[in-house]
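*Asks:* Input: one structure, supplied below.
2 protein chains.
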Amino acid sequence: MEDILYMREALKQAKKAYLMGEVPIGAVIVRDGKIISKAHNMRESLSDPTAHAEMIAIKKASETLKGWRLNECTMYVTIEPCCMCAGAIVQSRIKRLVIGSKDEKAGACGSKVDVLERDLFNHNVDVSFGILSEECSSMLTEFFRFIRENKCINNKKCAMER
Amino acid sequence: MEDILYMREALKQAKKAYLMGEVPIGAVIVRDGKIISKAHNMRESLSDPTAHAEMIAIKKASETLKGWRLNECTMYVTIEPCCMCAGAIVQSRIKRLVIGSKDEKAGACGSKVDVLERDLFNHNVDVSFGILSEECSSMLTEFFRFIRENKCINNKKCAMER
């Protein structure tokens, strides 16, 4: 039940990305029942290949907690993290990861590869899949359909047209 | 020959990290024969679990080139990238990766896992290993020996004592 509420917050973040013409993925980080960090994908806006929702959320949470160890935290993310983000989740010692929808093409938490496999690295993360899965994946599908149908050269142009 | 010169620059970055009490790993990014970005690990100093040498170098290079696609670039890094950093190399479309020394415990470019495996994701990276391997690994070994022998609680304390 709680998971659904937090995932709704992650979805709100994804929606913000959507409206900016960014691939709509959102993430929130929760500690002791409180959201300590919210973020969405910003790759195009910041011209930064590392500016995925999860990465920004981790940075913000570390700033808030004044330390890089997020071992009492849970991350909620609308789409299965890529390799970079799953790796950052290990690096930051996040305790639990709740994923909305799978990413069959690039997901690194079991879909394409599994870098969160138990005992692979020096930190294990508890992973749950499928919270609000439909809403999370349909936002992405709709975004890419819009991009295709409007023959957008870059996402920003589309965002401005909306 | 060129590879050795650029790896020496990455080693200089690693040395800077060492003197700050950071795990000594350095990286540089080269485009058209010119270094466009240099960085070293800053995790402790910035209290940021994502502040590895490679991540900072990618961000800086994207700023310099005013775009997130680093497809004409080569990265030189003293130690085999972890999962997060190898994923960021894929995300940023870096063309070539030159690695000093392997990381058997956490290396994600073939040692522990191989997320740069040909055709696994939508971008392939050419990987070379073993440039100045001895120097790269001995800097790391020496650092951890110092930490152990001085029973450092955190790395910063050791840096201050040096």
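Chain order of the listed sequences is R and Z. Counting from 1, one number per residue, gives the positions in the first sequence under the UniProt record's numbering. Counting from 1, one number per residue, gives the positions in the second sequence under the UniProt record's numbering. In this text, a Cβ means the ideal position worked out from N, Cα and C, and glycines have one as well.
Give a yes or no on contact between the segment 54-68 of chain R and the segment 47-58 of chain Z, applying the rule of three or more CB pairs nearer than 8 Å.
*Replies:* yes
*Asks:* Is DSSP giving R/Arg8 helix, strand or coil here?
*Replies:* helix
*Asks:* From the DSSP output, read off the bridge partner residues of Z/Ala27.
*Replies:* Z/Ala39, Z/Val77
*Asks:* Whose Cβ in chain Z lies nearer than 7 Å to the Cβ of R/Pro49?
*Replies:* Ile58, Ser62, Trp68, Ala88, Gln91, Ser92
*Asks:* Just verifying my parser: in three-state terms, what is the DSSP assignment at R/Asp3?
*Replies:* helix
*Asks:* Give me the chain R residues within the contact set of Z/Ala39, using Cβ-Cβ distance strictly less than 9 Å, ordered along the chain.
*Replies:* The premise fails here: Z/Ala39 is roughly 12 Å from chain R at the closest Cβ pair, so nothing lies under 9 Å.
*Asks:* Using 10 angstroms around the beta-carbon of Z/Glu54, count the other beta-carbons present and answer buried if the total reaches 16, otherwise exposed.
*Replies:* buried
*Asks:* Taking the alpha-carbon of R/Lys12 as reference, which of R/Ser128, R/Gly100, R/Cys109 has the nearest alpha-carbon?
*Replies:* R/Gly100
*Asks:* If you draw a straight line from the C-alpha of R/Lys105 to the C-alpha of R/Leu140, how long is it?
*Replies:* 13 Å
*Asks:* Of all the CB atoms in chain Z, is at least one closer than 9 Å to the CB of R/Lys112?
*Replies:* yes
*Asks:* Looking at the strands, I want to know which residues DSSP matches up with R/Ser101.
*Replies:* R/Ile79
*Asks:* Under a CB-based cut-off of 9 Å, is residue 166 of chain R close to chain Z?
*Replies:* In this structure chain R extends from 1 to 162, so residue 166 of chain R is not present and cannot be described.
*Asks:* Specify the secondary structure class of R/Ser128 as computed by DSSP and reduced to three states.
*Replies:* It is a strand residue.
*Asks:* Can you tell me which residues form a DSSP beta bridge with R/Arg96?
*Replies:* The partner list for R/Arg96 (beta bridge, DSSP) reads R/Thr74, R/Asp126.
*Asks:* Determine the chain R residues that contact Z/Met55 at a beta-carbon separation under 9 Å, and present them in chain order.
*Replies:* By Cβ distance, chain R contributes Thr50, Met55, Met84, Ala88.
*Asks:* Can you grab the Cα-Cα spacing for the pair residue 165 of chain R / R/Asp3, in whole Å?
*Replies:* With chain R represented from 1 up to 162, any question about residue 165 of chain R goes unanswered, as that position is not in the structure.
*Asks:* In angstroms with no decimal places, state the Cα-to-Cα distance between R/Glu161 and R/Met20.
*Replies:* Per-residue confidence for R/Glu161 stands at a pLDDT of 42, beneath the threshold of 50, marking its modelled position as unreliable; the derived number appears in the next sentence. Taking the straight line joining both Cα atoms gives about 10 Å.
*Asks:* By the criterion of Cβ-Cβ separation under 8 Å, what are the contact partners of R/Leu120 in chain Z?
*Replies:* Lys112, Val113
*Asks:* To the nearest angstrom, report how far apart R/Lys112 and R/Glu80 are at their CA atoms.
*Replies:* 10 Å
*Asks:* For Z/Thr78, which of Z/Arg148, Z/Leu70, Z/Asn150, Z/Glu9 has the nearest alpha-carbon?
*Replies:* Z/Glu9
*Asks:* What separation, rounded to the nearest whole angstrom, lies between the Cα atoms of Z/Ile131 and Z/Tyr76?
*Replies:* 9 Å
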